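> Here's a structure for you.
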Amino acid sequence: MSNSSSALVWVDNYRGAFYPVDLTAEPAPIYSKYNKQSVKSLVNICCSYIVKDSTMTLEAIQVVPQGLCIPLMIEALFNNKDRAIEVLLAHWPMESFSLRLLAPNLFVSLLPLYNDAYLSDIVRRGMSYTTTLVHRFIQCLKNRHPTKLKYLDMTGYPTAEIVLYYLATHCLLAFNENRQQKLVEQYNDTVSYAASREDMDSDYPSLEAVESLLPDGCLVVKLDAFVTSESTFCELCKALKVSTFPGSKIRLCLQRLGATQLGAAAVNLILTQISGEHLTALQLRYNSLTCDDLVTLIPAIKRLKNLTSLDLACNNINFSSNFTPTQQISELLNCLPKLIRLDLSNNRVKCLLRRILCDMSQSLKYLRLAACGLRLNDLTYLSMSHHASGLQEVDLSSNGLSTATDILCSFFTAVKSSLMVLELEDCGLTNDQLQRFQTYISKMEKLMYLNLAQNTLSFQVLQDFTKYTASNPSVKCLRISYPQECYSDAEFSLDSLKVDTVNKLQEIINDVCKLHPRDKPLQLIFVELTDVEMEQTQYEI
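Numbered by our numbering, the letters in the sequence shown go through residues 1 to 541 in order.
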């Protein structure tokens with residue numbers, strides 16, 4: 001798949017522990033190339049027509065029953081009719097507005113696991129929802145629309161950083177305006193009191209109240225925030241601080257926070273401003289955090305009692321050389337009773353996985369340990385721990401597993417009744433290993449997605465493995481690299497060998513499906529093998 005940087009947003013932040021994916025659902029109904037469009041009801045057809053024009057929407061909202069504003073908003077969001085959205089927000093009949101009840105869940109199906117183009121599309125769509133809502137919400141305030149809206153919930157959908165900055169700025173403006181109004185009132189009260197005294201000069205002029213853009217009551221905006229720049233970080237910290245003040249008119253509440261490229265000090269500062277009651281997901285990638293830095297963050301993270309997802313990937317945390325901090329971090333994980341999704345990828349775990357995870361009372365459902373330098377004792381613990389029976393998604397990619405055959409077989413047995421996603425990309429797996437694994441893979445009861453890309457394997461082994469995998473009706477998608485024969489100095493064209501490989505494996509899948517009927521055939525995803533030793537190999541199909 002070709003990934004053009006100009007066509008795709010940076011999707012790394014939105015893949016992994018941060019946004020759980022509903023693997024059993026169909027792809028988001030955004031683009032017909034991913035999902036068949038369902039037949040709309042008459043109500044939805046009429047609403048879709050009405051929201052095309054904001055004037056028509058305004059006229060309709062005056063006469064239709066209040067319950068119809070919900071399908072009107074659904075169609076306005078789906079078709080990105082921002083002016084109609086502003087009209088509907090201004091006349092919203094309820095005090096609360098929850099985006100996840102009106103827009104489709106975007107993080108669904110297996111596609112976000114391997115298709116960057118699809119993930120980019122749904123992230124863009126999510127950002128379009130939140131951008132439109134924030135802009136039109138602020139416009140409603142500026143235009144003094146008498147809306148009943150008191151609570152705007154946009155959680156579950158990413159918010160662009162520039163939109164977060166815009167919202168935080170208006171939160172501060174609202175606070176400063178409220179403070180200015182109070183100062184004007186105090187001044188005028190003082191002048192009025194002075195005028196009532198006969199012995200005092202009453203020539204002091206009264207100040208006129210500034211035209212207010214504030215709502216009559218307090219408005220709460222709940223959202224998912226991604227922060228990478230210093231300017232947004234500073235503005236958000238101030239907005240979160242004033243949101244705790246009694247006189248604040250617009251209050252920000254974060255459910256998910258992604259803080260990237262800020263450093264330990266900045267991360268610690270923003271965590272101290274966040275309500276520990278509401279935050280459920282925390283992503284701290286690319287902050288150059290060390291073990292000692294993470295220890296300094298422990299008091300702030302301990303407050304997050306409702307945290308379910310923690311992403312510490314791509315930092316400089318070396319657990320293997322810092323036993324005391326590792327013990328403290330283990331105690332931290334034990335203090336997060338709802339944590340079920342953990343990403344430690346690209347940190348040095350080597351031989352200390354047991355020490356890190358053993359104190360947790362609950363079992364993890366999502367565990368990503370890519371490029372962690374795992375050793376045999378780490379895998380042994382994982383296969384025997386209390387986490388094994390509950391694991392649904394595991395990523396062990398970029399760890400040298402060529403000598404871990406028996407332990408991996410034990411792990412497969414331990415997770416066979418729960419595991420849905422297994423990623424073993426670039427693990428140095430051998431042909432002999434894959435032949436051992438195929439029996440275990442075929443017996444996994446819930447496995448839906450298997451990633452074996454970037455492992456140098458022969459065509460014959462891939463044939464046998466595909467046959468076993470296709471016989472497991474739960475497996476929906478198998479991601480592999482082309483066999484090593486496609487990269488040898490054979491007399492045939494390399495491209496033709498790849499085509500032949502695809503056709504042959506597809507034939508095997510079709511034959512297996514005749515013997516083991518399933519709803520949909522096993523989907524094969526092929527990727528180029530980037531690191532392969534060139535060999536003189538005879539390729540036969």
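We put the CB at the ideal spot given by N, CA and C, even for glycine. Since we're looking at a predicted model, the values are computed, not measured.
Restricting to Cα atoms, I'd like to know which of Q66, T501, M94 and D82 is closest to T55.
Residue numbering aside, residue 55 sits at position 55 when the sequence shown is read from its first letter. For the residues Q66, T501, M94 and D82, the minimum Cα distance to T55 belongs to D82.
> Can you grab the Cα-Cα spacing for the pair D531 / S229, in whole Å?
Within the sequence shown, residue 531 is the residue found at index 531, counting from 1. Within the sequence shown, residue 229 is the residue found at index 229, counting from 1. Taking the straight line joining both Cα atoms gives about 35 Å.
> Using 10 angstroms around the beta-carbon of S4, count the other beta-carbons present and answer buried if the total reaches 16, otherwise exposed.
Your numbering for residue 4 matches position 4 in the sequence shown. Unreliable positioning characterises S4 in this predicted model, as indicated by a pLDDT of 39, which lies under 50. The coordinate reading is nonetheless provided below. S4 comes out exposed.
> Residues in the same chain with beta-carbon distance under 8 Å from F411, minus the five sequence neighbours each way, listed in chain order, please.
Looking up residue 411 in the sequence shown gives position 411. Excluding sequence neighbours, F411 sits near L379, L382, S383 and A388.
> Within its chain, find whatever has a CB closer than 6 Å to the CB of S398; leave out the 5 residues flanking it on each side and keep chain order.
For the purposes of this step, residue 398 is taken as the residue at position 398 of the sequence shown. Contacts found: A370, A371 and D426.
> Count the other CB atoms within 10 Å of the CB of F78; is the residue buried (16 or more) or exposed (fewer)?
Along the sequence shown, read from residue 1 onward, the residue named residue 78 stands at position 78. Burial call: buried.
> Within the continuous alpha helix (DSSP H) that includes K142, where are the two ends?
Locating residue 142 in the sequence shown gives position 142, where the first residue counts as 1. Element bounds for K142: D116 to K142.
> Starting from the N-terminal side, write out each stretch of the beta strand (DSSP E) that is 3 residues or longer and does not extend beyond the segment 454-537.
Taking only runs of at least 3 residues, the beta strand (DSSP E) segments lying wholly in the segment 454-537 are 477-481 and 523-527.
> I need the boundaries of the alpha helix (DSSP H) containing I329, first residue and last residue.
Stepping through the sequence shown from its first residue, residue 329 is reached at position 329. Element bounds for I329: F323 to N334.
> Would you kindly work out how many angstroms separate the C-alpha atoms of L111 and C477, rounded to a whole number?
In the sequence shown, residue 111 corresponds to position 111, counting from 1. In the sequence shown, residue 477 corresponds to position 477, counting from 1. Answer to the nearest angstrom: the Cα atoms are 10 Å apart.
> Among residues of its own chain, excluding the 5 on either side of D343, which ones have a beta-carbon nearer than 6 Å to its beta-carbon?
Taking the first residue of the sequence shown as 1, we reach residue 343 at position 343. Within the same chain, D343 has close Cβ partners G16, A17, D311, A313 and R368.
> Under the assumption that L248 contacts F175 (Cβ atoms under 8 Å), give the Cβ distance between them as a whole number of angstroms.
What you label residue 248 is simply residue 248 of the sequence shown in a count that begins at 1. What you label residue 175 is simply residue 175 of the sequence shown in a count that begins at 1. Reading off the sequence shown, one finds Ser at residue 248, where the question assumed Leu. S248 to F175, Cβ: 5 Å. Contact.
> Mark G217 as exposed unless 16 or more other C-beta atoms lie within 10 angstroms of its C-beta, in which case mark it buried.
On the sequence shown, position 217 is the one that residue 217 refers to. When all chains shown are included, G217 counts as exposed.
> Taking the CB atoms as reference points, tell me whether I250 and L271 lie closer together than 8 Å.
Locating residue 250 in the sequence shown gives position 250, counting from the first residue. Locating residue 271 in the sequence shown gives position 271, counting from the first residue. Contact flag unset, no.
> Keeping to the same chain, check which residues put their C-beta closer than 6 Å to that of S363; ignore five residues upstream and five downstream.
As a position in the sequence shown, residue 363 is number 363, starting the count at 1. The residues are H386, H387 and G390.
> Using 8 Å as the threshold, is the segment 138-151 in touch with the segment 38-48, meaning 3 or more CB pairs across them?
The segment 138-151 is not in contact with the segment 38-48.
> Roughly how far, in whole angstroms, is the beta-carbon of V475 from the beta-carbon of M448, given that I think they are within contact range, below 8 Å?
Numbered from its first residue, the sequence shown carries residue 475 at position 475. Numbered from its first residue, the sequence shown carries residue 448 at position 448. Going by Cβ atoms, the distance from V475 to M448 rounds to 6 Å, so yes, they are a contact pair.
> Three-state secondary structure (DSSP) at E75?
Residue numbering aside, residue 75 sits at position 75 when the sequence shown is read from its first letter. Helix, per DSSP.
> Quick check on this structure: which residue in Y114, L297, K514 and E75 has the alpha carbon closest to the alpha carbon of P104?
Taking the first residue of the sequence shown as 1, we reach residue 104 at position 104. Comparing Cα positions, the closest option is E75.
> Check whether the segment 128-138 touches the segment 161-171, counting contact only when three or more Cβ pairs, one atom from each stretch, lie closer than 8 Å.
As far as the Cβ criterion goes, the segment 128-138 touches the segment 161-171, which means the pair count is three or higher.
> Where T260 and C69 are concerned, what is the direct C-alpha to C-alpha distance, given to the nearest angstrom?
Position 260 of the sequence shown, counted from the start, is the residue given in the question as residue 260. Position 69 of the sequence shown, counted from the start, is the residue given in the question as residue 69. Cα to Cα, the separation comes out at about 38 Å.
> Could you tell me the alpha carbon to alpha carbon distance between K443 and A453, rounded to whole angstroms?
Walking along the sequence shown from the start, residue 443 turns up at place 443. Walking along the sequence shown from the start, residue 453 turns up at place 453. Taking the straight line joining both Cα atoms gives about 21 Å.
> When DSSP labels each residue in this structure, what does Y157 get in the three-state scheme?
By 1-based counting over the sequence shown, the position of residue 157 is 157. Note: Y157 maps to strand in three-state DSSP.
> Identify, in the order they occur along the chain, each residue of the same chain with its Cβ nearer than 8 Å to the Cβ of Y157, setting aside the five sequence neighbours on each side.
Your numbering for residue 157 matches position 157 in the sequence shown. Only L99, R100, A103, L106, G126, M127, Y129, T130 and D224 meet the Cβ criterion.
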